[in-house]
Every structure is written in C-alpha cells, then in structure tokens.
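Trainee: Residue numbers -13 to 354, in the working numbering, belong to the letters of the sequence shown in order.
Cβ coordinates follow ideal geometry from the N, Cα and C atoms, glycine included.
Nothing here was measured: the structure is a model prediction, and the numbers come from that model.
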Amino acid sequence: MRAIVVKPPKPGVEIKDVKIDEDKLSTIGLVKVKVLENGICGTDREIVSGKRTSVKPPAGKDELILGHEAIGVIEVGGYGLKEGELVMPINKRGCGKCLNCLVGRPDFCETGEGLVAGTKGLDGFMREYLYDDPKYLVKIPPEIKDIAILAQPLADIEKSIEAILITQKRVPIWTCDDSTFNCRKALVVGTGPTGILFSLVLRTYGFQVWIANRRELLENEVEILEESGIIFYNSAGGYENLVKNVGKFDLIIDTSGASASIIQHLVPLLQINGVLGLFGFPRYDAFSLDYKTVQDFVINNRIIIGLDNGQKPHFQQALIHLASWKSLWPKTTSKMITKIISINNEREVISSLREKLPGEIKVKIKWE
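Structure (structure tokens):
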C-alpha cells in the first residue's frame, strides 16, 4: 500500500510502500475505506519541515503516515455503513481512560494521552486505504463531495464557535433586540483558510464580520469575501483607524499563527463583555498584560479563551454549513478548492507539502 510518510522530528517526506495487516478486517467492528482524496494543511507542512516538535509516530515505530484530512469510500462495509458510501474519518481519538474521551469528547481529554491521526501516536490518512471503527467515520453527502474535504478544518471552527456561544451564556442577553447576532461585531485576524472559514461561519450566524491582514487581499480572496459580505481591513498600520470608524468588537478571533505579541494589540479592541478567541499557534515572541489591563478585564467581564479540535457532532455541523453555503454563496464555495494534485505526480505532491502557494485556500491530493 502506498502512503505519504514522515520520520519526525526529522524534516522531509516521501511516498513509499508500507505494510498493513489485512487481517484487521476480521476484527469485529471495523470497515475498510478506500481513500479518495486528502487535504493539505499548515500542520502537515510544519511536520514535513520538522518545525512541529510534538509529533509522535505510533508506539514502536520510527515513522508516521501523514495526514488528518481525508474522504474515502466504503469498500467493505458493515455496522451501519454500506459499500459505496462516502465517509470522512475523524482525526482526534480518545485516551480510553478519562470520562470525556469515553463519551466521545477527546477534545477535552484530561490525561493528555489522546491520539491524533497523522500527528500524535496514530498513523494518518494519506494512504490508499484504511480500516476504521464506524464511530470515527462521518457520512458525506455526495452532493457536496467537491468541497467536503473542508469539513475537517471547519469542524474545529464549529466547535470553537460553539464554545464561544456557550461561554457567552454568562451574559444574560448577548443577542440583539431582534434575538439575532446581527448587531454583534466580530474581527477575524488572518486571511488564510482558517480565517476565511471562521468568517463564513460567523456570517452564517449573522455577525457583522471584519477580517484583517497586514497586506492587501489577493484577487481570489477578494472574490471569496465579497459575496458573503465580509469586510477587509489592512492592519499594516495598526487598528486605530478601524476602531475609530466602527468601534470596538464583541468578538475577536486570532488565526494568524504568527507573533504572540499580536495578542497585546488585540486586547484593547475588545468591547465590554467581549471575547478574544485564540486559535492560531504563535511561533515566536511573547506578550504581557499590565495591571491596568487586567483590572479592565475584571471590571468589564472580558474573556480570553483557547480554541481546539472539533469532534463528530462538529463534523456533521460543518457538512450542513458547507451544503448551505453552496446555495447562499456559490461563487465563494467554487473558489475554496484552489488546486487538485494527482498522487501520481510525486514531485508536485511533495512540493505542495513543503510550501503554501499565494492565495491558497485548500489543496487536495487525489488518489487514483
């Protein structure tokens, strides 16, 4: 079986033949999935470059099959799944010990021993086929097969928005006087795939959304944001003009994954009762809050919250949103898949795993 393999923490990646136990199909509860396509994300590239030091191969191995975004077709079914059905595997798996993992919520694992496909202790999905437990598989409607690969990163965002809305139940009334979120203002920092998906979900909920970057938008980014009514702001000169023109924000999401010091600049932009959500992984620098800012947080009920992986309910919600976006914003969804590469084009696959292209939203590897 061919697979895309890394040897963390060493940089590098290769497409090679790997052995897999065909007898696994006789294990009660497993089905066989033929992988049709994989998505490439920033995490994959960090692993390939050797920059993500927390990556661990499965126990007893020195190499790891890469990938945590996949769509496949049931080749040998059972247990509620039929041959020919499209499915997506869930990448984060439980530790099998703590209560949260035992009830299907390893995103809140209390032992820190949970597994993550293609990242931590579990082979990923960039391979020809896999055997899996149906409880870790989400059915994909054929009507959205072309964009369904976005459901994995979108699931993380669905979970994040859910966490924010649950947190804001601490406020007696956080909706507007028409019971919607239409009067609430959100700022998303970063115009990469994650920032765009966050912005689209927030627009779906009715928020007024601004998205910021320290450069002008590329042509395809303009087209994606225009249809859904997301407003762009160039933050190269800071945020003073933005606040002057539109006021402070009820919700701010940092997806930039750049300098940690950006947090220091975002905190003053928060409205009373506001939330700052941290989704990106800063790679350098630091930030600090002086005593006056801390007092301000206390007095004005502001919150900073960390945001993490989604689980099966969030994958299902992501698919619902993707289906609705094809009707609401057809031009936007048609631009979300920026490139499709055949697994047989090894040079281009390796190149795409090493470097992101300008304006890239989602690149797919197609297994043939």
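(1) Distance, Cα to Cα, L52 vs T105?
(2) Measure the alpha-carbon distance for V62 versus V21 and round it to whole angstroms.
(3) Using DSSP bridges, identify the partner residues of W196.
(4) State the Cα-Cα distance for the pair R269 and I152, rounded to the nearest angstrom.
(5) By a C-beta neighbour count over all protein chains shown, 10 Å radius and 16 as the cutoff for buried, is R113 buried or exposed?
(6) Entirely within the region 213 to 292 and at least 3 residues each: give me those beta strand (DSSP E) ranges in chain order.
(7) Can you give the beta carbon distance from D240 to I249, rounded, assuming they're within the 8 Å contact cut?
(8) In terms of residues, what are the limits of the beta strand (DSSP E) holding E23?
(9) Got a sec, what are the start and stop residues for the beta strand (DSSP E) V335 sits in?
(10) Which term fits C95, buried or exposed, when burial requires 16 or more other beta carbons within 10 angstroms of its beta carbon?
(11) If we ignore side chains and look at the alpha-carbon of each, how far apart do V174 and A137 end up?
(12) Per DSSP, which one or two residues make a beta bridge with G110?
(13) Just how far apart, CA to CA, sit F283 and I291?
(14) Assuming S242 and G176 make a contact with CB atoms under 8 Å, what is their CB distance in whole Å?
(15) Start and end of the beta strand (DSSP E) containing I133?
(16) Would you identify the three-state DSSP class for A56, choosing helix, strand or coil?
(17) Going by beta-carbon coordinates alone, are E32 and K(-7) separated by less than 9 Å?
(18) Would you give the residue range spanned by the beta strand (DSSP E) that S328 belongs to?
(19) Thinking C-beta only, is V41 closer than 9 Å to P(-5)?
Mentor: Quick answer:
(1) 7 Å
(2) 13 Å
(3) L173 and I217
(4) 29 Å
(5) buried
(6) 217 to 220, 235 to 240, 256 to 264 and 289 to 292
(7) 7 Å
(8) V17 to I26
(9) First-last for V335: E332 to R340, but that is the alpha helix (DSSP H), not the beta strand (DSSP E).
(10) buried
(11) 19 Å
(12) Answer is none; G110 lacks a bridge partner.
(13) 13 Å
(14) 4 Å
(15) Element bounds for I133: n/a, residue is neither H nor E.
(16) strand
(17) no
(18) I323 to S328
(19) yes
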